[in-house]
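So the sequence shown is numbered by UniProt numbering: it starts at 1 and just counts up by one. Just so it is clear, CB atoms sit at the ideal spot from N, CA and C, and this is done for glycine as well.
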Amino acid sequence: MAGGSGQETEAGDGSGGGMAPNYHVSLNDAEANAGREYPSNFIRTALYTIITFLPLNLFTQFQRFSNIYFLLTAIVSLTPVSPLSPVTTISPLVFVLTTTAIKDAYEDYQRHKADRAANAAEYEVYRNGHEACGSAATPRLTTLQSADLVVGDVLKIHKGQLFPADLVALASSEDHGLAYVETANLDGETNLKRRFTPPACAELRTLEHVAAVAGEIVCEPPTVKLYKFEGTAAYADGLREPLTHANLLLRGSKLRNTEYVFGVVVYAGVDTKLFKNLKMVPAKVSRVQHRLNKVVLGIFLLNVVMLLSAGLMSGIMQSEHTATADYFGSIAHESAAEVGALHCISYFVLFTYLIPISLFVSVEIVRVGQQLFMNWDADMAADPDNVAETGMLCRNSNMNEELGEIDHIFADKTGTLTCNVMELAQWSVAGTLYDQRDDPACLAGAMIGAAPPGYAAASAARKNGSGKAEHGKVAKVPQAAASQHKAAGPPSADISLSRFEAPSSSSSETTSSSGETVESEQQSEVGESPHPRDVVQYLRAIALCHTVVPELLDDGTRNYEAESPDEAALVDAAAANGVVLLSTAGNGITISVCGVEENYQVAAVLEFTSDRKRMSVIVQDAAGEYMLYIKGADNLIMDRLRPDEPLLAPTQSHLEAAAREGLRTLLVAQRTLDRAETEAWLAAYREAQTLAVGRAEAVAAACEAIEVELELLGATAVEDKLQVAVPETLEFLLRAGVYVWVLTGDKRETAENIGYSSRLLAPEVDLIRLLADTPAELEELIAFHEARIGDDAAASDHALITDGHTLALVLESAGPRFLDLAQRCGAVICCRVTPLQKAQVVALVKDNLGRNTLAIGDGANDVSMIQTAHVGVGVVGKEGNQAVRASDFAIHQFRFLAPLLVVHGKRSLIRLALLIQYSFYKNVAFIFPQWLFGFYSLWSAQIVYDEIILTFFNMAFAALPPLYFGLWERRVPKTLLLAHPQLYKAQRDLFNLRSVFTWLGAGLYHGIVAYFTVFHATVGDGAVYANGQVGGIWVQGYFLSTILIVVVLLKAALHTSHWTSLPFYLVISALYLEISYGTFNESVLGTMSATLASPSFWWALPIVTTLCLLPDFLVRYAAHTFAPEPWVIVREQARLAGISEKTTTGRRLEPHSRHT
1 MAGGSGQETE AGDGSGGGMA PNYHVSLNDA EANAGREYPS NFIRTALYTI ITFLPLNLFT
61 QFQRFSNIYF LLTAIVSLTP VSPLSPVTTI SPLVFVLTTT AIKDAYEDYQ RHKADRAANA
121 AEYEVYRNGH EACGSAATPR LTTLQSADLV VGDVLKIHKG QLFPADLVAL ASSEDHGLAY
181 VETANLDGET NLKRRFTPPA CAELRTLEHV AAVAGEIVCE PPTVKLYKFE GTAAYADGLR
241 EPLTHANLLL RGSKLRNTEY VFGVVVYAGV DTKLFKNLKM VPAKVSRVQH RLNKVVLGIF
301 LLNVVMLLSA GLMSGIMQSE HTATADYFGS IAHESAAEVG ALHCISYFVL FTYLIPISLF
361 VSVEIVRVGQ QLFMNWDADM AADPDNVAET GMLCRNSNMN EELGEIDHIF ADKTGTLTCN
421 VMELAQWSVA GTLYDQRDDP ACLAGAMIGA APPGYAAASA ARKNGSGKAE HGKVAKVPQA
481 AASQHKAAGP PSADISLSRF EAPSSSSSET TSSSGETVES EQQSEVGESP HPRDVVQYLR
541 AIALCHTVVP ELLDDGTRNY EAESPDEAAL VDAAAANGVV LLSTAGNGIT ISVCGVEENY
601 QVAAVLEFTS DRKRMSVIVQ DAAGEYMLYI KGADNLIMDR LRPDEPLLAP TQSHLEAAAR
661 EGLRTLLVAQ RTLDRAETEA WLAAYREAQT LAVGRAEAVA AACEAIEVEL ELLGATAVED
721 KLQVAVPETL EFLLRAGVYV WVLTGDKRET AENIGYSSRL LAPEVDLIRL LADTPAELEE
781 LIAFHEARIG DDAAASDHAL ITDGHTLALV LESAGPRFLD LAQRCGAVIC CRVTPLQKAQ
841 VVALVKDNLG RNTLAIGDGA NDVSMIQTAH VGVGVVGKEG NQAVRASDFA IHQFRFLAPL
901 LVVHGKRSLI RLALLIQYSF YKNVAFIFPQ WLFGFYSLWS AQIVYDEIIL TFFNMAFAAL
961 PPLYFGLWER RVPKTLLLAH PQLYKAQRDL FNLRSVFTWL GAGLYHGIVA YFTVFHATVG
1021 DGAVYANGQV GGIWVQGYFL STILIVVVLL KAALHTSHWT SLPFYLVISA LYLEISYGTF
1081 NESVLGTMSA TLASPSFWWA LPIVTTLCLL PDFLVRYAAH TFAPEPWVIV REQARLAGIS
1141 EKTTTGRRLE PHSRHT
């Protein structure tokens, strides 16, 4: 069935609807595959080559408005009307571009190294028709580099090797075509996953077998979805088989516990799912960055006003002094309009310095420095002695400062607030409740009366704790019992069930075979112990309905690898009670029921998805009878139970009690299937799996058809304990004035109980239960609670809980009304929500309230929420690293969220706000005198400063204070920030319109004071030189620049809250550079010597400094004395108590003694 075009347009992609090209891969037909223009396996993640680096990098850098602005300035400086030499304007631009280019080049070099290593990796390949591979009759493997692989190649991958492309498995060293893979490089999950060959290839072992396979694979085009793959294997003999993700071996995953596997390449290079997932987190821009853009625009408009006014005045001067306007040089005799226009261009070059070109480099340097401080913080590490592996990770430094302005936090529950370490807490079996925490073998006792000889002793051992399963392991099956009662052949389910007869109904005790009397466990409302056969069938369902992979260890115990920690907990607990999962080989599964082996064939697995919220298996016993076992969310299973299910009422009561304890619950059910009907259903199901169009819908319909008329067996309740210090962290965040919303898929009672145990809900809180079935009911409930609460109630006094169904109504029509009510509540819990609803709730708050949002989660179902929020935080946990990869910041435990916000976030905000505003201040103070000088130079565009000072003002003389502000400024020690959560909200107005105008106003004021003081000290009768001569323009310029640099440096010192020797040395160093630079430049050496020898300079310096900074000092003194901000009060209290950054080593949020 080889041949055909490379891509064939179908009416769907296998998921129904739409037009999508399918991929066709011929098996062992390299010539046919060569005619299809699929990409090779060569990959390149690097952005540049040696040839393209310069033009592409410059093109990228000039996407920034600021760089275009300074480029225009540099171009204008090349014209005759420029008052500055080109070097003065071009040098800073070249410095900025070069610095950024060096950073980009280093990062791209690292990508090139990784690409070369990946492309050069060698693999064993069979390619039909390749001269080194022989013929189909005598095939041979050859070695090729990864970059040379193409679609259709057959690869032999050995244990421990990484898969270089996406392969469909064709043969394995294991029985039944089984292979074990580790996908840690893809999703962070270290547990092994099972992958299979298609059933027709299950017995293939050798290259000869694989080389003889003929046919074609038709599959969906490449997608980003790691665990979605739909295709069909059509063999030359007419057989067709469905292909799913269970048959796909993904690039980047590793072969484990399997000697070798053969696979055919279906996606190569850029088509592989790994490569398609190598995308950046959606670009996010912080509020500070938005404000910075507005400030730049504002300064640009100020620049326009200044240059237009200067050009206008220049034209007026020309018209009034035409006869004596020789100072205009070559344009002296042009018209006033022409002179004004040309001088506008000249002043454009001069006033460019209003926007500090060094600001953008400084911001990037500071953000990287802040990122390193976060990553190195031992107080943010799960293990302080291993910060590199257990510390936090800043993945998007552009959002550092955004952490300091969070209004709403949206948190997942499982794995985020809880440990995601599941332990079975309770069983509900046939209407009776058992507590596994009190007795790890509680169900074993219910089977003792009818169990095989020798089982009672094993049960007693389990009861006294010697047989309790460790996490991930189960106790050994008693060998004596196993050897005595192992059936000669595979027993049928009916034979196994017949071994367990009901005890006397008149007795509430069960007598073991050893003569011991064992009391029955906790009784349900029914008041009877369950029939032993019911207990066995319940545990049998637990042991069969899963995707767990057992591994027999050298010490005789079994390690259970599971994609879901819930499944591992259930299988562990079942084994502790005598029903042990022994092996899963191919479609076979073997369990031990009280020492007796039972063998089943798995006819179908109806997998769990976030939409289905349930999982089913159809198994066939040795007698050929079929049984369906199912477990899943209680509301979905209840809808599928047989009418008048007798166990529903007591089981539902147990579920509600478990939910009140905060336990995660599932219902377990079964259905006895008719053989003929089942085989007909299986044929239809397999046909649905091979559909090219509408496969997903057909498979879903088939599942719905068979998951009906279920017989309830019972329920499970799994405990997932809260992480360390979660209550303290939530309490801290609420006190910090942050609204906390928990979004979970759990049922309402469970979510509500977690709310109380985590202290998200205070015991005395007014809890609003917003649960509605219709839009009208929802509107009525919202109106009622709004009227009851009123507008003046404190948010901390109220909390709200709602569910997914109500949220659907809210999102459809009542979003604003819902938000009005939710804003009056300090905490909100949304239960029974889907991953999509999580993202929709975040978007609802983000878009309608304009609040700053943060979403935190640990699983793939949290990715949309994390990417929707302003800031996304991923918790490194047991559900892979999809959430981490989608996040801006990654932490290992929820408790680290508090220091992330109040320490690193708040400090980053303070530091960046100071850096930006100070940078604009110093440039306004430095350049505004140039505009004032126009009044004394007849607006001739004459520069007042030496060009060297203009060139190096931002890059050297005044460059260090902004960097200090951005990297080391701190107002309050870390310990006090964590002890006073109210400081988080109290320090928010750091970079707004008012603060910007305050800084810019200070710059204008300082420029005016400095200019006029210096002007009067250097002109007229003011003696400058020691011989009494009056200095000229260059003396005035050096005089002015030196005093202004002193003023802006002392202004920085005035705003420094954290004084160490470093800022002192920075100020002294900057002053030394400015005063002494003339010794390296003969053209200004005389000017510098004369200025420093002048008495005028030395009396003007303290006067100007005092006049400039005295108002700043008085304002700050009055504010700190008469209206101190909270941080000032806390810092003063700490000073009086002798607390400083040096006397504290950081503080972690730890559980209070009553919680330990």
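6 Å CB neighbourhood of residue i in its chain, flanking five on each side removed
i	result
Ala958	Lys922 and Val1048
Asn303	Phe351 and Leu354
Thr584	none
Coarse secondary structure for residue i, derived from DSSP in three states
i	result
Leu938	coil
Phe53	helix
Gly1138	coil
Ser1094	coil
Arg194	strand
Gly215	strand
Pro83	coil
Arg614	strand
Arg664	strand
Ala165	coil
Asp383	coil
Val25	strand
Val548	coil
Pro643	coil
Asn599	strand
Reference residue i, options the options, closest by Cα
i	options	result
Ala30	Leu967, Cys133, Ala117 and Ala179	Cys133
Lys284	Pro39, Leu403 and Leu248	Leu403
Trp427	Val270, Arg664 and Phe953	Arg664
Thr99	Thr390, Asp554, Ala898 and Val363	Val363
Ala211	Ser564, Val125 and Met638	Val125
Met306	Gly804, Leu811, Val924 and Met615	Val924
Leu342	Pro973, Trp939, Pro1095 and Ile948	Trp939
Leu844	Val619, Leu226, Tyr109 and Gln823	Gln823
residue 1158	Tyr227, Val1104 and Ile299	Any answer about residue 1158 is impossible in this case: the structure gives the chain only from 1 up to 1156.
Tyr984	Trp1127, Cys344, Trp1059 and Asn247	Trp1127
Leu1040	Val1104, Ala562 and Leu993	Val1104
Val349	Thr45, Arg748 and Val81	Val81
Ile217	Ser91, Asp153 and Leu648	Asp153
Spatial neighbours of residue i in its chain, beta-carbon cut-off 8 Å, leaving aside the 5 residues before and after
i	result
Leu1136	none
His654	Gln426, Ser428, Leu433, Ser524, Ala715 and Ala717
Gln479	Note that Gln479 has pLDDT 34, beneath the 50 cutoff, so the model's placement of it is unreliable and the number below is only indicative. Taken in chain order, the list of residues that qualify is empty.
Opening and closing residue of the alpha helix (DSSP H) in which residue i lies
i	result
residue 1158	Look at the range of the chain in this structure, 1 to 1156, and you will see that residue 1158 is not part of it.
Gly1032	Careful: Gly1032 lies outside any alpha helix (DSSP H) and carries neither H nor E.
Trp984	In the sequence on display, residue 984 carries Tyr and not Trp. It spans Gln982 to Ala986 - the alpha helix (DSSP H) in which Tyr984 sits, taken as one unbroken run.
Leu691	Premise fails: Leu691 is in no alpha helix (DSSP H) and is neither H nor E.
One or two residues paired with residue i in a DSSP bridge
i	result
Glu709	None; Glu709 has no bridge partner.
Pro139	Gly134
Pro1102	Pro1102 pairs with nothing; no bridge assigned.
Phe889	Cys394 and Val873
Residue range of the unbroken beta strand (DSSP E) whose run includes residue i
i	result
His798	His798 to Asp803
Ser428	Thr418 to Val429
Arg44	Here Arg44 belongs to no beta strand (DSSP E), and DSSP marks it neither H nor E.
Asp791	Taken as a continuous stretch (DSSP letters only), Asp791 belongs to no beta strand (DSSP E), as it is neither H nor E.
Ser592	Gly588 to Val593
Spatial neighbours of residue i in its chain, beta-carbon cut-off 7 Å, leaving aside the 5 residues before and after
i	result
Ser758	Leu417, Leu722, Val726, Pro727 and Leu730
Ala569	Met422, Glu423, Leu424 and Val718
Gly315	Ala336, Ala337, Val339 and Gly340
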